[in-house]
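For any residue, its number in our numbering is found by taking its place in the sequence shown, counting from 1, and adding 1254.
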Amino acid sequence: HHPRRWEHFSTIASSRKQLLNRVHSNFYQQQIAKMAGAPDSVALLLFFVFWYAGNMKYNEYNTAALGAVGGKTSGLTMTVATMQLGVCAIYALIMWAVKLNPAKLFGLQMPEKQNFPQVTTADLIKSIPLAFCAAGAHAATVFALGGDPLFGQIVKSAEPVVAAIVGTVFYNKAPSFYKVCCLPIIVGGVAFASLKKGDDGSYALKFDTTALVFGMIANSFAAFKGGENSKLMADKGVAKRYGGVGNQFAVTQMVGFLILLPIMYYVEGDMLPTFLEKLKTDSTLQFNLGMSGLCFYLYNELATYTLKVTGAVTASVANTAKRVLVMVYMAAVTGKVLTDEQKMGSAIAICGVLLYSLIDDLLKPKKGKSD
């Protein structure tokens, strides 16, 4: 009987060792959490700053990358958009390899753990509509900003108009009556920004067609993306297997990249050898393509961190302020001056968007607590 008893004791000893290891591990994790860096309030402020900065720099690097391949007439805009998502995919793979997401470092906090998502094939298939819409919104935005970085931003500010139509028609989510009343202000602002005064003092429509058409296509994709995201995350099983918004965003970018690849090859395949030759030899293209993809990924992640912990009103104001700052920054970077009509039109449209975001909160009956 002695050998069995010895086995019994060794099993108990092994179990105790495992338990102690687990306790120590939990203790050290708690200590690390205590040393997690800056307080949440400071981190939140820094996330805001870097979200804005990342968005501005993305616009700058994106414009420079498009310029490096020959601008909007080069026939390589889709390739640039696709390769940016390729950079996002590589970044996501590196995060999973090291099991850490460094984004919180921007808030002077410890990086978060990011384990590989436990999604099934069925989950990935369910995620395809969201990834398709996200990739479409990204590619169309690159086309719009390639046409005219400033006017493209003005057109993009009309996103709530498209979101209201798409939500009502396809997702049975109609905006309130007050929100509907704000939509003509946004449309009117974008329309006014499209006008140009002639030498005789009369006004005529004058705008970059690429920026207008692709800006509206991007708005449509973004509206569907919002609907598809809500639908996907409503499935609690899928949400749990993703293991967080970070993983869901990473998978969305990777699947989006795979969706854009064949489209890129079909649309611009004949230009691919030219692009690869430029990519091999042109350090400006290498830098701006890599940085635009990285900034795109990071500013979206930082936006998620900030909007997750702020109220709806703060989020709306933050988004509106971001668009204004990006336009001012891009005007400075590109040296392109907004016309008086564009200034006034964008101001009207952006104020309309802000009002659209806030009006339900402003007009709802007052209760004990407000946002």
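Backbone N, C-alpha and C define an ideal beta-carbon position, used for all residues, glycine too.
Rounded to the nearest angstrom, how far is the Cβ of residue i from that of residue j, given a contact under 8 Å?
i, j, result
"Val1323", "Phe1529", "7 Å"
"Ala1572", "Ala1477", "Not really, about 20 Å apart at Cβ, beyond 8 Å."
"Glu1595", "Lys1451", "7 Å"
"Leu1579", "Tyr1306", "6 Å"
Let me check understanding here. Comparing Cα to Cα, which of the options lies closest to residue i?
i, options, result
"Phe1304", "Asn1483, Ala1388, Glu1555 and Pro1365", "Glu1555"
"Thr1564", "Ala1297, Gly1291 and Tyr1551", "Ala1297"
"Tyr1633", "Ala1376, Ala1307 and Tyr1312", "Any property of residue 1633 remains undetermined from this structure, which presents the chain solely from 1255 to 1625."
"Ala1385", "Glu1482, Ala1493, Val1441 and Met1349", "Glu1482"
"Phe1405", "Cys1387, Cys1435, Phe1446 and Lys1532", "Phe1446"
"Thr1593", "Leu1449, Ala1343 and Leu1552", "Leu1449"
"Gly1640", "Leu1359, Tyr1306 and Thr1336", "The requested residue 1640 is not part of the displayed model; the chain covers only 1255 to 1625."
"Ile1348", "Asn1369, Gly1421 and Thr1331", "Asn1369"
"Lys1358", "Val1578, Leu1552, Arg1577 and Ala1569", "Leu1552"
"Pro1293", "Ile1382, Leu1362 and Ala1557", "Leu1362"
"Cys1342", "Asp1453, Gln1502 and Pro1619", "Gln1502"
"Ala1488", "Lys1532, Lys1380, Lys1618 and Phe1302", "Lys1380"
"Leu1617", "Ala1557, Ile1517, Lys1590 and Phe1431", "Phe1431"
"Met1518", "Leu1378, Thr1331 and Thr1327", "Thr1331"
"Lys1410", "Lys1590, Pro1619, Val1591 and Met1581", "Met1581"
"Gly1480", "Lys1427, Thr1538, Ala1569 and Ile1408", "Lys1427"
"Arg1577", "Glu1413, Gly1498, Pro1371 and Lys1562", "Glu1413"
"Thr1506", "Lys1494, Glu1531 and Pro1383", "Pro1383"
"Lys1597", "Ser1456, Pro1371 and Ile1408", "Ile1408"
Got a sec, what are the start and stop residues for the alpha helix (DSSP H) residue i sits in?
i, result
"Leu1362", "Premise fails: Leu1362 is in no alpha helix (DSSP H) and is neither H nor E."
"Ala1412", "It is not in any alpha helix (DSSP H) - Ala1412 carries neither H nor E in the DSSP assignment."
"Gln1372", "Neither: Gln1372 is in no alpha helix (DSSP H) and is coded neither H nor E."
"Asp1594", "Asp1594 to Leu1617"
"Ala1465", "Thr1463 to Met1487"
"Ser1537", "Ser1537 to Val1563"
"Met1508", "Val1499 to Glu1522"
"Val1492", "Lys1490 to Tyr1496"
What are the boundary residues of the beta strand (DSSP E) that includes residue i?
i, result
"Leu1459", "Tyr1457 to Leu1459"
"Lys1450", "Leu1449 to Lys1451"
Spatial neighbours of residue i within its chain, please: C-beta separation below 7 Å, excluding the five flanking residues on both sides.
i, result
"Gly1329", "Glu1522 and Met1525"
"Cys1549", "Gly1308, Lys1311, Tyr1312 and Tyr1315"
"Cys1436", "Gly1606, Leu1609, Tyr1610 and Ile1613"
"Phe1475", "Cys1387, Gly1390, Ala1391 and Ala1394"
"Pro1403", "Asn1313, Thr1317, Met1584 and Thr1588"
"Asn1355", "Met1349, Pro1365, Glu1366, Gln1368 and Gly1500"
"Val1334", "Ala1319, Leu1320, Val1323, Val1396 and Leu1543"
"Met1508", "Ala1343 and Ala1346"
"Lys1590", "Leu1404"
Residues in its own chain within less than 6 Å of residue i by CB, not counting five upstream and five downstream?
i, result
"Gly1510", "Leu1339, Ala1385, Ala1388 and Ala1389"
"Ala1398", "Gly1406, Ala1465, Phe1468, Gly1469 and Ala1472"
"Ser1624", "In this prediction, Ser1624 scores a pLDDT of 46, lower than 50, which makes its location untrustworthy; the coordinate-derived value is nonetheless stated afterwards. Excluding positions up to five away in sequence, the list is empty."
"Phe1424", "none"
"Gly1443", "Gly1599, Ile1602, Ala1603 and Gly1606"
"Tyr1583", "Met1310"
"Ala1504", "Ala1346"
"Gly1547", "Gln1338, Val1341 and Cys1342"
"Ile1439", "Gly1606"
"Pro1429", "Ala1418"
"Leu1459", "Ser1448"
With a threshold of 8 Å on Cβ separation, who are the neighbours of residue i within its own chain once the five nearest residues in sequence on each side are excluded?
i, result
"Ser1484", "Tyr1425"
"Gln1540", "Leu1533"
"Leu1300", "Ala1292, Phe1360, Gly1361 and Leu1362"
For the region 1286-1348, list the alpha helix (DSSP H) runs that are entirely contained and at least 4 residues long, ordered along the chain.
-> Listed in chain order, the alpha helix (DSSP H) runs fully inside the region 1286-1348 are 1294-1322, counting runs of at least 4 residues.
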